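Residue numbers for the sequence shown follow this note's numbering, beginning at 644 and rising by one. Every residue gets a Cβ at the ideal spot worked out from N, C-alpha and C, and that includes glycine. A quick note: this is a predicted structure, and the numbers were derived from the prediction, not measured. Have a look at the structure below before the remarks.
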Amino acid sequence: MVVEVPRWSNAKMEIATKDPLNPIKQDVKKGKLRYVANLFPYKGYIWNYGAIPQTWEDPGHNDKHTGCCGDNDPIDVCEIGSKVCARGEIIRVKVLGILAMIDEGETDWKVIAINVEDPDAANYNDINDVKRLKPGYLEATVDWFRRYKVPDGKPENEFAFNAEFKDKVRCRSEL
């Protein structure tokens, strides 16, 4: 994955897919730089957040699970390891599961993964290991994604599968 936003950061950074060489730039909306608000009890992004290069959520494809088309961006990754990564860092990750978010009517899959170099990576092999070893973390992830745009006056995000995470086998079949 390519890390766009290090854990605990607030600046909304993205791979600029339309720019030559695809730099990571701060997202701009209506001429203003975008930031995510701190949502009590969270500070910024609660994982290292980034994308899987050379992937794409197709805006012309209606996803059978969400009933919505893709968001026209690379597939997002939430890396849950212990290290706070640097913006632009490229890390190999082990996929653990997936969450199907619906953001303003668009499908926006969130892959849950851990850096293979993390000291605890061997203990994480699927989404159930996250539930067991980091109690409440997946629930916090859903809560964060549900509410992170509300301070900007937008509605809460929705989820397919009742906001349940699917395991890595389902992740492979969906992506």
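Nearest by alpha-carbon distance to residue i: which of the options is it?
i: Val738; options: Pro649, Lys809, Lys655; result: Lys809
i: Glu700; options: Val759, Asn653, Val720; result: Val720
i: Ala764; options: Ala694, Val736, Val671, Lys753; result: Val736
i: Tyr603; options: Val793, Ile733, Ile723, Ile741; result: For residue 603 there is no data in the structure shown, the boundaries of the chain being 644 and 818.
i: Ile733; options: Ile757, Lys777, Val793; result: Ile757
i: Phe683; options: Arg813, Asp706, Val793; result: Val793
So, for residue i: in the same chain, excluding its five sequence neighbours on each side, which residues have a beta-carbon less than 6 Å away from its beta-carbon?
i: Glu801; result: Ile745
i: Thr709; result: Ala743, Ile745, Thr750, Ala803
i: Lys641; result: Because the chain in this structure spans residues 644 to 818, residue 641 falls outside the shown range and cannot be described.
Is the beta carbon of residue i sitting closer than 8 Å to the one on residue j?
i: Val646; j: Arg730; result: yes
i: Ala806; j: Val785; result: yes
i: Asn681; j: Arg650; result: no
i: Lys811; j: Asp761; result: no
i: Glu782; j: Arg789; result: no
i: Val759; j: Ile718; result: no
i: Lys655; j: Tyr678; result: yes
i: Pro696; j: Asn715; result: no
i: Gly693; j: Met644; result: yes
i: Trp752; j: Tyr685; result: no
Which residues in the same chain have their Cβ closer than 7 Å to the Cβ of residue i, if we skip the five residues on either side of it in sequence?
i: His704; result: Cys712, Gly713
i: Pro663; result: none
i: Ser652; result: Gly687, Tyr688
i: Asp769; result: Leu739, Gly740, Asp810, Lys811
Should residue i be counted as a contact of the ligand MG given a C-beta to heavy atom distance under 7 Å?
i: Asn768; result: The model on display carries no ligand, and the ligand MG is accordingly not part of it.
Output needed for residue i: all residues of its chain with C-beta closer than 8 Å, excluding positions within five of it in sequence on either side, in chain order.
i: Val671; result: Arg677
Minimum length 3: unbroken beta strand (DSSP E) runs contained in the region 725-770 = 736-746, 749-758
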